[in-house]
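Novice: Quick one: this structure, given as structure tokens, is what I'll be asking you about.
Number of protein chains: 2
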Amino acid sequence: MRLAGALAIADGRTLVSADPATVSWLTGHVPEIEWGPSPFSAPPIVVLGPDGTVRLVVSEDETEGLHENVEAVTFPGFALEDVDRRGRAIELALSLLDGRVAGALASLYGELARIELDDVGDDLQRARAVKDPNEIAAIRCAIEIADVGQAAARAGLAAGTTELGLWTSVRAAMETAARGRLPVLSDFVTGRRTSDIGGPPGTRTVEAEDFLLVDLVPRVGLYWGDSCATVALGEPPTEVREAHSRVLEALGAAKAATKAGARAGDIDAAARVLVDYPHHTGHGIGLTTHEQPRIVPSSDTVLEPGMVIALEPGCYGDSWGVRVEQVVVVTEDDCDVLSSHDLALQSTT
Amino acid sequence: MRLAGALAIADGRTLVSADPATVSWLTGHVPEIEWGPSPFSAPPIVVLGPDGTVRLVVSEDETEGLHENVEAVTFPGFALEDVDRRGRAIELALSLLDGRVAGALASLYGELARIELDDVGDDLQRARAVKDPNEIAAIRCAIEIADVGQAAARAGLAAGTTELGLWTSVRAAMETAARGRLPVLSDFVTGRRTSDIGGPPGTRTVEAEDFLLVDLVPRVGLYWGDSCATVALGEPPTEVREAHSRVLEALGAAKAATKAGARAGDIDAAARVLVDYPHHTGHGIGLTTHEQPRIVPSSDTVLEPGMVIALEPGCYGDSWGVRVEQVVVVTEDDCDVLSSHDLALQSTT
Chain A
6 MRLAGALAIA DGRTLVSADP ATVSWLTGHV PEIEWGPSPF SAPPIVVLGP DGTVRLVVSE
66 DETEGLHENV EAVTFPGFAL EDVDRRGRAI ELALSLLDGR VAGALASLYG ELARIELDDV
126 GDDLQRARAV KDPNEIAAIR CAIEIADVGQ AAARAGLAAG TTELGLWTSV RAAMETAARG
186 RLPVLSDFVT GRRTSDIGGP PGTRTVEAED FLLVDLVPRV GLYWGDSCAT VALGEPPTEV
246 REAHSRVLEA LGAAKAATKA GARAGDIDAA ARVLVDYPHH TGHGIGLTTH EQPRIVPSSD
306 TVLEPGMVIA LEPGCYGDSW GVRVEQVVVV TEDDCDVLSS HDLALQSTT
Chain B
6 MRLAGALAIA DGRTLVSADP ATVSWLTGHV PEIEWGPSPF SAPPIVVLGP DGTVRLVVSE
66 DETEGLHENV EAVTFPGFAL EDVDRRGRAI ELALSLLDGR VAGALASLYG ELARIELDDV
126 GDDLQRARAV KDPNEIAAIR CAIEIADVGQ AAARAGLAAG TTELGLWTSV RAAMETAARG
186 RLPVLSDFVT GRRTSDIGGP PGTRTVEAED FLLVDLVPRV GLYWGDSCAT VALGEPPTEV
246 REAHSRVLEA LGAAKAATKA GARAGDIDAA ARVLVDYPHH TGHGIGLTTH EQPRIVPSSD
306 TVLEPGMVIA LEPGCYGDSW GVRVEQVVVV TEDDCDVLSS HDLALQSTT
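Listed in order, the protein sequences are those of chains A and B. Residue numbering for the first sequence follows the numbering used here, starting at 6 and increasing by one per position. Residue numbering for the second sequence follows the numbering used here, starting at 6 and increasing by one per position.
So, in structure tokens, the structure goes:
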């Protein structure tokens, strides 16, 4: 019925839309909205051929749950290297258009896009990476709230609770401290789920010897905080304890390498030589959850004083995963750590 | 420092950006992200003149908290009548451009906007307004979750709790029932704050004779639910009880007028003749929180079977406000009510 309705509107033309509601209506794509646009994606675009073929130009990470008749035409998702996902999405969508085209580019500013302009987007990203004192103070506030959440997660972890039950208490603690509702991006997984690196809290019940991987990214006002810890109940297996020690060492090495003039790629290497993980060593944080400078292999980006960076080495086995994360401000000679949450695998109390 | 950085990049040119991070960076504008784009707004656009003048093209409802040096150039915010806010924003932004222009239109698909296409956006909106049985089932699921939240709010309302404390328990109840995290748009105000029509939960402490206005809009999977009730602790003042009775009558009158073939404007009039309020009588709901058909004065839109509509008359005094809301599906002869939460002002238990 939805397809028939759209075909009637298309009336022999190819139909294209980047309006999120129309995309979801025709394809079943569920946009994640609670924490704003993902830095590792681009808005999907649906293309409906006159013959009823439905194609969705979408990140390779977001093809789950699409209607059966939908063909996913994908651009890269999460990656260590920089990818122009938006550019690739447009290229793919254009390649699917044929004949007369009807559309609703509700999210696209047609007229504004037609003006001649010099693209300075990269310059602006670089400028935004260096924070002024007001911005650092704002990020500090967000990190204090993340610290509150980490303490609540550690204190509340107990056999018999569910991930979701613990999560709601953690969010409540952060919102109470911030005196209002907060957008919060998070990984909140226990037991074997930690081997997935991350994921939302689910219905799993915490068991006696479990551990929790908790990554909290709250926005307070305009700025985001970020923090991660792994917390064990009882005595974790030896390989988990050893991995956690290596990850802490890697975090220490990354911090030791972080100062004005350092190459981002060298910081990445300093941590990664101790333990490897299928993600970045760190990333800038501020007005978005993940921005310049990216601490990834081979990056030639040179750090400047005032850059604010989340460092988050991890280690993941077949049935477990551990990660720790702190946020630092780059200074002339080293870096100041803004995070103050407990990083210990086992609480001493 | 931020302004100086941007001026250096602009280098004598006018700078324009619709990238949300750049907009926030230069103006202090805080985008609401937890529940997706507002149907009563459009993305703001910042224009920085070569002389350092910062202008923000923004909804008149979103000018709070801007940096002191920022001039807001506004387009209409919430309104009963239909407004092309996006078109107005583009027009305003174009009028501010002068000379050479540099920019980062990160949220704008330039290439895609250049293709020739027939705009069928309105047709798609009309088509999306009529839901098929799968969509109605999905909306029903979201409304069941809203019902759970309403019950939790009613049960938890007690003197001494804060709005925020009660809110976190309501959200937890909904997420537990849905077995996962949920985007939730809400109004959650008590006491005198109800006269504001809505607003987020704050730090206010509930008092013995208070009442709560609770409007819950959770998204479950792809589809949104919507519900509102007003709940009193103790004995509310006579004028509040009388207003609540009139609002219930208005809801009944709106439902009685809702069936295939009815004019949206007539449904609005049926409710509004009993009690007046500075907002719509209702709105379509589905893939977005507010869509066609809009139940507003003088609308000639004719209802069709399968349209899903939230009806929400209210009444607001100087120090109090009451509102009730149910969601219905339009049928040939009348409408089916999907909501089953308690609408009573005073709980009988």
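Ideal Cβ positions, reconstructed from N, Cα and C, are used throughout, including at glycine.
Report the residue from B/Leu343, B/Thr208, B/Trp172 and B/Glu247 whose alpha carbon sits nearest the alpha carbon of B/Asp220.
Specialist: Answer by Cα proximity: B/Trp172.
Novice: With a threshold of 7 angstroms between beta-carbons, can A/Asp87 be considered close to chain B, or not?
Specialist: Not an interface residue.
Novice: Out of A/Asp305, A/Ala349, A/Ala259 and A/Leu348, which has the shortest C-alpha to C-alpha gap to A/Ile314?
Specialist: Per the Cα distances, A/Ala259.
Novice: Return the chain-ordered list of same chain residues with a C-beta closer than 8 angstroms to the C-beta of A/Glu296, the five sequence neighbours on each side being excluded.
Specialist: Taken in chain order, the residues that qualify are Pro44, Gln130, Arg133, Ala134, His288, Gly289 and Ile290.
Novice: So what does B/Ser46 bridge to, in DSSP terms?
Specialist: DSSP, once it has assigned bridges, lists no residue as partnering B/Ser46.
Novice: Taking Cβ positions, are B/Ala265 and B/Ser304 nearer each other than 7 angstroms?
Specialist: No, the Cβ-Cβ distance between B/Ala265 and B/Ser304 is not below 7 angstroms.
Novice: Can you list the residues of chain A that B/Val125 reaches, using a CB-CB cut of under 8 angstroms?
Specialist: Those within 8 angstroms of B/Val125 in chain A are Ile14, Ala15, Leu20, Ala107, Gly108 and Ala109.
Novice: Quick one: give me the first and last residue of the alpha helix (DSSP H) that B/Ser100 is part of.
Specialist: Run containing B/Ser100: Arg90 to Leu101, per the alpha helix (DSSP H) assignment.
Novice: I'd like the list of long-range same chain contacts for B/Val51, defined as Cβ closer than 6 angstroms, with 5 residues on each side in sequence excluded.
Specialist: The answer, listed in chain order, is Ser22, Val28, Leu31, Thr32 and Leu61.
Novice: Compute the Euclidean distance between the alpha carbons of B/Leu308 and A/Ala47, then round it to the nearest angstrom.
Specialist: Going by the C-alpha atoms only, they are around 36 angstroms apart.
Novice: Spell out whether any CB of chain A is found under 7 angstroms from the CB atom of B/Val194.
Specialist: Chain A, which has no Cβ nearer than 7 angstroms to the Cβ of B/Val194, makes this no.
Novice: How many whole angstroms separate the CB atoms of A/Pro223 and A/Ala177, which I take to be in contact at a CB cut-off of 8 angstroms?
Specialist: That belief does not hold up - the Cβ atoms of A/Pro223 and A/Ala177 are roughly 12 angstroms apart, past 8 angstroms.
Novice: Return the first residue and the last residue of the alpha helix (DSSP H) that B/Arg224 is part of.
Specialist: From DSSP, B/Arg224 is part of no alpha helix (DSSP H) but of the beta strand (DSSP E) over Phe216 to Val225.
Novice: Determine the closest residue to B/Phe193 out of B/Ala183, B/Thr293, B/Ala157 and B/Glu180, with distance taken between C-alpha atoms.
Specialist: Answer by Cα proximity: B/Ala157.
Novice: Determine the contact status of B/Pro242 and B/Asp273, defining contact as a CB-CB distance below 7 angstroms.
Specialist: Contact: no.
Novice: DSSP on A/Ser232, reduced to helix/strand/coil?
Specialist: Residue state, collapsed to three classes: strand.
Novice: Starting from A/Trp40, find everything on chain B with Cβ-Cβ shorter than 8 angstroms and list it in chain order.
Specialist: Ordered by position in chain B, the residues that pass the 8 angstroms Cβ test against A/Trp40 are Ile38 and Glu39.
Novice: Could you say if the stretch 333-347 of chain A and the stretch 6-13 of chain B meet the contact criterion of at least three C-beta pairs nearer than 8 angstroms?
Specialist: At 8 angstroms Cβ cutoff, the stretches do not touch.
Novice: So A/Leu97 and A/Phe80 are supposed to be a Cβ contact under 8 angstroms. How far apart are they, rounded?
Specialist: Confirmed, about 6 angstroms.
Novice: For A/His249, which three-state DSSP category applies?
Specialist: A/His249: helix per DSSP, three-state reduction.
Novice: In the DSSP output, which residue or residues are listed as bridge partners for A/His285?
Specialist: A/His285 is not bridged to any residue.
Novice: Does DSSP classify B/Gly257 as helix, strand or coil?
Specialist: In the structure shown, B/Gly257 sits in a helix (DSSP, three-state: H, G or I).
Novice: Can you give the beta carbon distance from A/Ala77 to A/Val63, rounded, assuming they're within the 8 angstroms contact cut?
Specialist: Indeed they touch by this definition, with Cβ atoms about 6 angstroms apart.
Novice: Just how far apart, CA to CA, sit B/Ala261 and B/Ala237?
Specialist: Cα-Cα distance, rounded: 27 angstroms.
Novice: What residue range does the alpha helix (DSSP H) around A/Arg133 cover?
Specialist: Its alpha helix (DSSP H) spans residues Gly126 to Ala134.
Novice: Is DSSP giving B/Asp66 helix, strand or coil here?
Specialist: In the structure shown, B/Asp66 sits in coil (DSSP, three-state: anything other than H, G, I, E or B).
Novice: Helix, strand or coil: how does DSSP classify A/Asp338 here?
Specialist: Looking at A/Asp338 - three-state DSSP - the assignment turns out to be coil, as it is neither helix nor strand.
Novice: State the beta-bridge partners of A/Gln331 as determined by DSSP.
Specialist: DSSP, once it has assigned bridges, lists A/Leu316 as partnering A/Gln331.
Novice: At a Cβ threshold of 7 angstroms, is B/Gly10 touching chain A?
Specialist: Taking Cβ atoms only, chain A reaches closer than 7 angstroms to B/Gly10, which makes this a yes.
Novice: Is the Cβ-Cβ distance between A/Arg105 and A/Arg184 less than 7 angstroms?
Specialist: Cβ distance not < 7 angstroms, so A/Arg105 and A/Arg184 don't count as in contact.
Novice: Between B/Arg197 and the rest of its own chain, which residues show a CB-CB distance below 8 angstroms, the 5 nearest in sequence each way excluded?
Specialist: Around B/Arg197: Ser324 and Trp325.
Novice: Using a cut-off of 7 angstroms between C-beta atoms, extract the partners of A/Thr243 located in chain B.
Specialist: Here the premise fails: no neighbours, minimum Cβ distance about 33 angstroms.
Novice: Does the distance from the C-beta atom of A/Thr235 to that of A/Leu218 stay below 7 angstroms?
Specialist: Result yes, Cβ atoms of A/Thr235 and A/Leu218 sit closer than 7 angstroms.
Novice: Looking only at its own chain, which residues have a Cβ that is under 7 angstroms from the Cβ of B/Glu212, when we skip the five neighbours before and after it?
Specialist: Ala164 and Gly196.
Novice: Per DSSP, what kind of secondary structure is A/Arg299 in: helix, strand or coil?
Specialist: Strand.
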